[in-house]
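Asker:
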């Protein structure tokens with residue numbers, strides 16, 4: 004440990020212009036049960052949430068001297084099969100079809116979100132100013148990929164993280180700000196690692212302070 008205090012140098016990556024991009028899902032992240040409190044509530048509660056990370060191979064960024072595809076991420080989504088939930092609506096437009104009763108049968112295993120790992124998507128991106136005063140990208144819509152177009156292939160490793168059965172190697176490959184969110188979950192509060200894992204790749208463009216829990 005060094006006793007000399009220095010500012011950490013962070014690369015300031017400009018957001019992509021607002022518009023539609025071809026992407027591919029390279030990250031499905033269960034961030035665990037997170038504390039959520041609406042403005043009109045006196046007390047919040049803990050709800051299961053997840054995030055999706057997409058790679059846009061056509062857009063590049065240089066990180067530590069290495070050319071890499073851009074990453075963008077959804078905001079936090081409540082894990083719910085309710086037809087009114089933002090996750091349910093996003094999956095419907097992304098898959099291009101409704102869920103069957105068998106897929107969501109409460110007596111069965113349910114729809115496995117991991118099925119969307121590696122799936123292409125059309126991403127509608129916006130640009131907004133975050134609480135830190137910087138501009139960031141937000142994903143406003145995730146829709147199915149048009150037939151006849153060659154789907155983008157992932158360049159990055161596909162990461163799937165389950166907060167109930169955490170793989171610490173996968174956790175260490177997630178952006179640091181996502182790791183920080185996961186550590187606030189009830190799963191990690193009960194069984195938090197002794198030391199912080201710090202092997203983050205390039206940071207997706209949607210930061211943790213981005214407009215709260217985010218409808219898409």
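In the working numbering, the protein residues as written are 4 to 219.
Glycine included, each C-beta is placed from N, C-alpha and C at the ideal position.
All values reported here derive from a predicted model rather than from experimental measurement.
(1) According to DSSP, simplified to helix, strand and coil, what is residue 52?
(2) On the DSSP bridge assignment, give the partners of residue 140 in chain order.
(3) Could you check the C-alpha separation between residue 166 and residue 56 for me, to the nearest Å?
(4) For the 8 Å Cβ check, are there 3 or more pairs between the region 121 to 130 and the region 142 to 157?
(5) Bridge partners for residue 35 per DSSP, in chain order?
(6) In this structure, does DSSP put residue 183 in helix, strand or coil?
(7) Is it buried or exposed, residue 23, if we count other Cβ atoms within 10 angstroms and call 16 or more buried?
(8) Is residue 58 buried or exposed, if buried means 16 or more other CB atoms sit within 10 Å of its CB?
(9) Using C-beta distances below 7 Å, list every residue in its chain close to residue 164, excluding the 5 sequence neighbours before and after it, in chain order.
(10) Starting from the Cα of residue 117, find the closest Cα among 94, 103, 109 and give me that residue.
(11) From which residue to which residue does the beta strand (DSSP E) around residue 107 run?
(12) Residue 148 by DSSP, collapsed to three states: which one?
(13) If I follow the unbroken alpha helix (DSSP H) through residue 3, where does it start and stop?
(14) Give the range of the beta strand (DSSP E) segment to which residue 162 is assigned.
(15) What are the boundary residues of the alpha helix (DSSP H) that residue 176 is part of?
(16) With a 10 Å radius around its C-beta and 16 neighbouring C-beta atoms as the bar for buried, classify residue 134 as buried or exposed.
Answerer: In terms of the structure at hand:
(1) Locating residue 52 in the chain shown gives position 49, where the first residue counts as 1. Looking at residue 52 - three-state DSSP - the assignment turns out to be strand.
(2) Sequence index remark: in the chain shown, residue 140 carries index 137 (1-based). Answer is 130.
(3) By one-based count along the chain shown, residue 166 stands at place 163. By one-based count along the chain shown, residue 56 stands at place 53. Straight-line Cα distance between these residues: approximately 16 Å.
(4) yes
(5) What you label residue 35 is simply residue 32 of the chain shown in a count that begins at 1. Answer is 52.
(6) Taking the chain shown and counting its residues from 1, one reaches residue 183 at position 180. Helix at residue 183.
(7) Walking along the chain shown from the start, residue 23 turns up at place 20. The residue is exposed, with fewer than 16 neighbouring Cβ atoms inside 10 Å.
(8) Residue 58 sits at position 55 when you count from the first residue of the chain shown. Its Cβ being crowded by 16 or more others within 10 Å, residue 58 is buried.
(9) Within the chain shown, residue 164 is the residue found at index 161, counting from 1. Excluding positions up to five away in sequence, the list reads 32, 33, 170, 173, 174, 177.
(10) Taking the first residue of the chain shown as 1, we reach residue 117 at position 114. The candidate whose alpha carbon is nearest that of residue 117 is 94.
(11) Stepping through the chain shown from its first residue, residue 107 is reached at position 104. Segment: none, residue 107 is in no beta strand (DSSP E) and carries neither H nor E.
(12) Along the chain shown, one-based indexing puts residue 148 at 145. Residue state, collapsed to three classes: coil.
(13) Coverage of the chain is limited to positions 4 through 219, which leaves residue 3 absent and any answer about it impossible.
(14) Within the chain shown, numbered from 1, the residue matching residue 162 stands at position 159. From DSSP, the beta strand (DSSP E) with residue 162 extends over 162 to 164.
(15) Numbered from its first residue, the chain shown carries residue 176 at position 173. First-last of the alpha helix (DSSP H) with residue 176: 171 to 176.
(16) Looking up residue 134 in the chain shown gives position 131. Answer is exposed; the Cβ neighbour count stays below 16.
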